[in-house]
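Heads up: the sequence shown begins at 2 in our numbering, then just goes up one per residue.
Please read the structure below before turning to the comments.
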Amino acid sequence: MANLAIRDLVKTYDKVEVLHGINLEVQDGEFVVFVGPSGCGKSTTLRLIAGLEEVTSGDIEIGGRVVNNLEPKHRNIAMVFQNYAIYPHMTVRKNIGFGLRSSSAPKAEKDARIDQVADLLGMTDLLSRKPDQLSGGQRQRVAIGRAMVRDPAVFLFDEPLSNLDAQLRTQMRLEIKKLHQRVGSTIIFVTHDQVEAMTMADRIVIMKDGYIQQVGTPAEVYHNPANTFVAQFIGAPAMNMIEGEVKENGSIQLSSGGQIDADLPAKPGQRITLGVRPEDLTADTSAPFLEGSVAVREPLGHETLIYVKTNAGEFIAKADGRHPPDVGATVRLGALQENLHIFDAETGGALV
2 MANLAIRDLV KTYDKVEVLH GINLEVQDGE FVVFVGPSGC GKSTTLRLIA GLEEVTSGDI
62 EIGGRVVNNL EPKHRNIAMV FQNYAIYPHM TVRKNIGFGL RSSSAPKAEK DARIDQVADL
122 LGMTDLLSRK PDQLSGGQRQ RVAIGRAMVR DPAVFLFDEP LSNLDAQLRT QMRLEIKKLH
182 QRVGSTIIFV THDQVEAMTM ADRIVIMKDG YIQQVGTPAE VYHNPANTFV AQFIGAPAMN
242 MIEGEVKENG SIQLSSGGQI DADLPAKPGQ RITLGVRPED LTADTSAPFL EGSVAVREPL
302 GHETLIYVKT NAGEFIAKAD GRHPPDVGAT VRLGALQENL HIFDAETGGA LV
């Protein structure tokens, strides 16, 4: 295991800069997830860490050692890809042991290491099987086992669950998290799925257009987003947004016509964007600031999401699961002030 440091990392392709001097510190044993939309630079960053791409400028350190000019095999990392990439003609034992092919250790020591990894992954009874006798989740565990058997300093996962169905993705998320808790390895995990990021990470790195937007725990990026991009990318359904302006008395005049009294670090006349998560926007409020008609209902059992059409656009709110308002009904919505997020309309940066 080892810490990982990225310092002023820049990557260009044909004079087009795709990573713009990013910086990150990953502690020994930490589980860090990179997340963001397609083209944000997360997979490029992972490939640079792995040594599969050449760094344009900046440094990558693993265990305190700059590895920019080292071949992948000399970086003491192991990578698990989106594709299982396991050998169909080999047994599970041979597939897992393939990562030790260049090791000079005695065969008995290699076999003991394979048995240890198989036990950790719950695959001891499957060692004699071939890949066509395994489920999708079991094949992915074989790929993870092949990486684990080398005992690397850092594990790199490149969207390893995207080829699995929904049930298997949920199962494998849990298994990888349990594995991390047992082994305590340093893990860098890349995904486009914010649910994977929220459920697995110690810290999340949110990227957009080659820049890091925010780094924080799942709770931090959810409850205290740094800007409007993070606020809407993290969370499903996405955070509601509505434009407004700070008045002389400090209140916010919303584009919907509603008004909110708030103590803000903003000047009168400043344009702001108000954000409120669907679970915080309800009709059970003494100070509503939105009014509209219910266009669609999504029953979820314990609660119902309602899509409310207003003169400022459509907003998603939470309603009681047993007695939600009817489609077409008029509702007035609001939220507690501590659950409101205020952003600068020009920069997108958080004010509150």
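Every residue gets a Cβ at the ideal spot worked out from N, C-alpha and C, and that includes glycine.
For clarity, every value in this text was computed on a predicted model and none was experimentally measured.
Are the beta-carbon atoms belonging to VAL206 and VAL34 less than 8 Å from one another?
yes
Give the range of the alpha helix (DSSP H) segment to which ASP9 is assigned.
Careful: ASP9 lies outside any alpha helix (DSSP H), inside the beta strand (DSSP E) at 5 to 14.
Quick one: what's got a C-beta closer than 6 Å to GLU292's C-beta in the same chain, skipping five residues either side?
ARG333
Can you tell me which of ASP116, THR45 and PHE316 puts its alpha carbon nearest to the alpha carbon of ALA284?
PHE316
When DSSP labels each residue in this structure, what does PRO357 get in the three-state scheme?
No answer is possible for residue 357: it lies beyond the span of the chain, which begins at 2 and ends at 353.
Between which two residues does the alpha helix (DSSP H) containing LYS111 stretch?
108 to 121
Could you check where the beta strand (DSSP E) with MET80 kicks off and where it finishes?
78 to 81
Range of the contiguous beta strand (DSSP E) that encloses GLN215:
212 to 217
ASN1, DSSP secondary structure in three states:
The displayed coordinates of the chain run from 2 to 353. Any statement about residue 1 would go beyond what the structure contains.
Complete runs of the beta strand (DSSP E) confined to the region 295 to 336 [at least 3 residues]
304 to 311, 314 to 321 and 331 to 334
Quick check on DSSP: helix, strand or coil for ALA148?
helix
Burial state of ASP159 (16 or more Cβ within 10 Å):
buried
Whole angstroms is fine: what's the gap from PHE82's alpha carbon to SER186's?
17 Å
Starting from the C-beta of GLU154, find all residues in its chain whose C-beta is less than 7 Å away, skip the five residues before and the five after it, and write them out in chain order.
Sequence check: residue 154 is Ala here, not Glu. Closer than 7 Å at the Cβ level, and outside the excluded window around ALA154, lie MET2, ALA3, ILE63, GLY64, ASN77, ILE78 and THR187.
Using a threshold of 8 Å, state whether the C-beta atoms of ILE23 and ILE213 are closer than that.
yes
Can you check which of these residues, ASP210, GLY211 and PHE190, is closest to ARG204 by C-alpha distance?
PHE190
Taking the beta strand (DSSP E) that LYS209 falls in, what are its first and last residues?
204 to 209
With DSSP as the reference, label THR46 as helix, strand or coil.
helix
In the structure shown, what three-state DSSP assignment does GLY258 receive?
coil
Look at ARG147 and ASN70 and say whether their C-beta atoms are less than 8 Å apart.
no
When you compare the CB positions of MET149 and ILE177, do they come within less than 8 Å of one another, or not?
no
Using only CA atoms, which one of ASP133, LEU352, MET80 and GLY314 lies nearest to THR229?
LEU352
With which residues is VAL27 paired in a DSSP beta bridge?
LEU5
Under three-state DSSP, which class holds ALA288?
coil
If I'm right that GLU304 touches ASP321 with Cβ under 8 Å, what's the distance once you round it to whole angstroms?
7 Å
Using 10 angstroms around the beta-carbon of LYS43, count the other beta-carbons present and answer buried if the total reaches 16, otherwise exposed.
buried
Coarse secondary structure for VAL68, derived from DSSP in three states:
coil
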